[in-house]
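S.K.: I have a structure here, written as structure tokens, and I will follow up with some questions on it.
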Amino acid sequence: MTLIGLAYNQKPEPTELPTELPEAVPQRGELSRPDEEPPSKSFGLTVAELTARDEFAEWDSPVTIAAVEAALSKLGKVVRIEATEEFPERLRAIRPDIVFNIAEGFHGVNRESHVPAMCEFFGIPYSGSDPFTLTLCLDKARAKETLSFHGIPTPKFAVVENLADLDERTFNLELPLFIKPLHEGSSKGITDGNLCWDRDHLLSQTKFLLENYHQPVLVEEYLPGKEFTCGVLGNGNEATVLPLVGMNFEALPKGALPIYSFDAKFVWDRPERPLEIFQCPARISSELQSAIERVVLDAYRVLGCRDWARIDVRLDGAGNPNILEVNPLPGILPDPADNSCLPKAARAAGIGYDELLQSCLRFAAARQGVELDDSAAATPAVPGEPMLAAG
Ligand SMILES: Nc1ncnc2c1ncn2[C@@H]1O[C@H](COP(=O)(O)OP(=O)(O)O)[C@@H](O)[C@H]1O
Ligand SMILES: [Mg+2]
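Numbering of the sequence shown is given in my numbering, commencing with residue 3 and proceeding in unit increments.
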């Protein structure tokens, strides 16, 4: 029987979180009618509250971990190996035939690469991108340098480590500018305040991000066009783009900017009242769809992604697709009500949740010559014709 190690980080229970939000601030899940003011403006969160509430945004919930385990158990015996301090010893002792990696890591800018690096150290095959690609994509600027070198469009940018350098680094960028922490994901640190129409605001908001996220700030030219997120499955010439997910920012509360902010992702979108923010498949012309698929596959290839990824794309003022960022560890919430983009795109291609996860593992196993329990019987899922239903 194939032994599959499931490597993950599990979100702490709310009671274990370091800081409680004060009473006046609505807790996640209790907010807010969509026609109300965006909470990050109107509830006056303090800096500590803002950072405390998104610290564990990327880790997986017990429900997701159980769903992944159930899906993979059709292909072998799954052993959970939580990416805690005991991970190296347990990995060495268990020595699975292959590790299915969804661990986001905790410490430092190479955190997403720790689990795959340890697998490489012990010579154990694993799913998904390698340590280098995971670290590269977590540094949005270094990833953009690679994209630019290969002529793949991405907004003009600068990296600012301290305020004294701001003017010198950014004088040649055209307003408006959009700023974000360099090494985050899951919309951490992304608020409407990050759009800067003038240099004074650029200064104050850069100061805010530097002081509170303790990492350099990426300053980018703002892309005014439509946004898409694009799932990719597979490797080499067989890598395919799943039906595109178009962002419908009209669904955000009145007055909110057309960006996929932390509030849009985690506060305004609730399972009991989902925000109709995604259209999948996106209703766009076939020319635009091909142009997006081309830059997405080019980005996937030059950044060295493997097995699966989710890539964010936005159109510039001329309507050309630009890469915003590449997520080689894509979010995979199992409940369709949770509005998780990769599972949603897969469903639109007729690929269910279990099949999506099994496909990723099959691609990884095929690359590394690992036999899964039903290897003879099945091949990885290939997207069918997109189904036309939205959502
Ligand atoms: N240069 C930009 N122009 C316009 N919007 C942007 C730009 N960069 C980021 N955004 C908005 O912020 C969101 C989050 O940025 P992204 O780089 O994808 O970070 P994350 O890793 O948190 O998803 C994007 O989905 C988009 O809506
Ligand atoms: Mg993103």
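C-beta atoms are modelled at their ideal positions from N, C-alpha and C, and glycine is treated no differently.
Note that this is a predicted model, so its numbers are computed, not measured.
Which value, in whole angstroms, describes the spacing of the CA atoms of P98 and L77?
M.R.: Residue mapping note: residue 98 aligns to position 96 of the sequence shown, counting from 1. Residue mapping note: residue 77 aligns to position 75 of the sequence shown, counting from 1. Rounded to the nearest angstrom, the two C-alpha atoms are 13 Å apart.
S.K.: Three-state secondary structure (DSSP) at L363?
M.R.: Here the question's residue 363 lines up with position 361 in the sequence shown. Annotated three-state conformation of L363 is helix, per DSSP.
S.K.: Would you check if the distance between the CB atom of L8 and the CB atom of F102 is smaller than 7 Å?
M.R.: The sequence position of residue 8 within the sequence shown is 6, counting from 1. The sequence position of residue 102 within the sequence shown is 100, counting from 1. Result yes, Cβ atoms of L8 and F102 sit closer than 7 Å.
S.K.: Are at least three pairs of beta-carbons, each pair with one atom in the segment 260-280 and one in the segment 338-346, less than 8 Å apart?
M.R.: yes
S.K.: Would S263 be called buried (16 or more neighbouring beta carbons within 10 Å of its own) or exposed?
M.R.: Here residue 263 refers to the residue found at position 261 when the sequence shown is read from its first residue. Buried: at least 16 other Cβ atoms inside 10 Å.
S.K.: Any chance you could list the alpha helix (DSSP H) runs of at least 4 consecutive residues sitting entirely within the segment 158-200, in chain order?
M.R.: 168-172
S.K.: Based on Cα-Cα distance, which residue from F134, I96, R94 lies nearest to R111?
M.R.: Against the sequence shown, residue 111 aligns to sequence position 109. It should be noted that the sequence gives Val, not Arg, for residue 111. Selected option, being the one with the closest Cα: F134.
S.K.: The beta strand (DSSP E) that contains F230, what's its start and end?
M.R.: Mapped onto the sequence shown, residue 230 falls at position 228. F230 -> beta strand (DSSP E) spans 229-235.
S.K.: Which residues have their C-beta within less than 5 Å of a heavy atom of ligand 1, listed in chain order?
M.R.: Going down the chain, each residue whose beta-carbon is closer than 5 Å to a heavy atom of ligand 1 shows up: P157, F180, G187, S189, I192, E222, Y224, L225, I261, Y262, D314, L326, E327.
S.K.: Please classify Q12: does DSSP put it in a helix, a strand, or coil?
M.R.: Position 10 of the sequence shown holds residue 12. Three-state result, Q12: strand.
S.K.: Between E106, I100, L204, which has its C-alpha nearest T86's C-alpha?
M.R.: Here residue 86 refers to the residue found at position 84 of the sequence shown. Nearest C-alpha to T86: E106.
S.K.: Would DSSP call T148 helix, strand or coil?
M.R.: Translated into the one-based positions of the sequence shown, residue 148 becomes position 146. In the structure shown, T148 sits in a helix (DSSP, three-state: H, G or I).
S.K.: Report the rounded CA-to-CA distance for E327 versus V372, giving the unit in angstroms.
M.R.: The residue you call residue 327 lines up with position 325 of the sequence shown. The residue you call residue 372 lines up with position 370 of the sequence shown. C-alpha separation (whole angstroms): 31 Å.
S.K.: DSSP state of M120, grouped into three classes?
M.R.: What you label residue 120 is simply residue 118 of the sequence shown in a count that begins at 1. Residue state, collapsed to three classes: helix.
S.K.: In whole angstroms, give me the CA-to-CA distance for I6 and D62.
M.R.: Here residue 6 is taken as the residue at index 4 of the sequence shown, counted from 1. Here residue 62 is taken as the residue at index 60 of the sequence shown, counted from 1. Distance from the CA of I6 to the CA of D62, rounded to the nearest whole angstrom, comes to 18 Å.
S.K.: So what does DSSP say about G7, is it helix, strand or coil?
M.R.: Taking the sequence shown and counting its residues from 1, one reaches residue 7 at position 5. Strand at G7.
S.K.: Just verifying my parser: in three-state terms, what is the DSSP assignment at A311?
M.R.: Taking the first residue of the sequence shown as position 1, residue 311 is located at position 309. A311: strand per DSSP, three-state reduction.
S.K.: Look up F102 in the DSSP assignment and say whether it is helix, strand or coil.
M.R.: Here residue 102 refers to the residue found at position 100 when the sequence shown is read from its first residue. Strand at F102.
S.K.: Entirely within the segment 246-297 and at least 3 residues each: give me those beta strand (DSSP E) ranges in chain order.
M.R.: Those beta strand (DSSP E) runs which fall completely within the segment 246-297 and span 3+ residues are 247-249.
S.K.: Please report the distance separating the alpha-carbon of A266 from that of Y302.
M.R.: Your numbering for residue 266 matches position 264 in the sequence shown. Your numbering for residue 302 matches position 300 in the sequence shown. Roughly 26 Å between the two C-alpha positions.
S.K.: Comparing the CB of F264 with every heavy atom of ligand 4, is any distance shorter than 6 Å?
M.R.: Annotation note on ligand 4: not contained in the displayed structure, which lists ligand 1 and ligand 2 as its ligands.
S.K.: Using DSSP's beta-bridge definition, name the partner residues of E84.
M.R.: Along the sequence shown, read from residue 1 onward, the residue named residue 84 stands at position 82. Beta-bridge pairing links E84 to Y10.
S.K.: Check whether the Cβ atoms of L177 and L259 sit closer than 7 Å, and answer yes or no.
M.R.: For the purposes of this step, residue 177 is identified with residue 175 of the sequence shown, where counting begins at 1. For the purposes of this step, residue 259 is identified with residue 257 of the sequence shown, where counting begins at 1. Contact flag unset, no.
S.K.: When you compare the CB positions of N324 and P155, do they come within less than 7 Å of one another, or not?
M.R.: If you number the sequence shown from 1, residue 324 lands on position 322. If you number the sequence shown from 1, residue 155 lands on position 153. Contact flag set, yes.
S.K.: Could you tell me the boundaries of the beta strand (DSSP E) in which E240 lies?
M.R.: Residue numbering aside, residue 240 sits at position 238 when the sequence shown is read from its first letter. That residue, E240, is in no beta strand (DSSP E); it is neither H nor E in DSSP.
S.K.: Under DSSP, the alpha helix (DSSP H) around E91 begins and ends at which residues?
M.R.: The sequence position of residue 91 within the sequence shown is 89, counting from 1. Where E91 is concerned, the enclosing alpha helix (DSSP H) stretches over 89-96.
S.K.: Return yes when the Cβ of H185 is within less than 7 Å of the Cβ of Q207, no when it is not.
M.R.: To locate residue 207, count along the sequence shown from 1; it is residue 205. To locate residue 185, count along the sequence shown from 1; it is residue 183. Result no, Cβ atoms of Q207 and H185 do not sit closer than 7 Å.
S.K.: Can you tell me whether DSSP reads K212 as helix, strand or coil?
M.R.: Within the sequence shown, residue 212 is the residue found at index 210, counting from 1. Just to set this straight, residue 212 is Leu in the shown sequence, not Lys. Note: L212 maps to helix in three-state DSSP.
S.K.: Could you tell me which of V247, R201, L331 sits nearest to E295, measuring between CA atoms?
M.R.: Against the sequence shown, residue 295 aligns to sequence position 293. Among V247, R201, L331, the Cα nearest to that of E295 belongs to V247.
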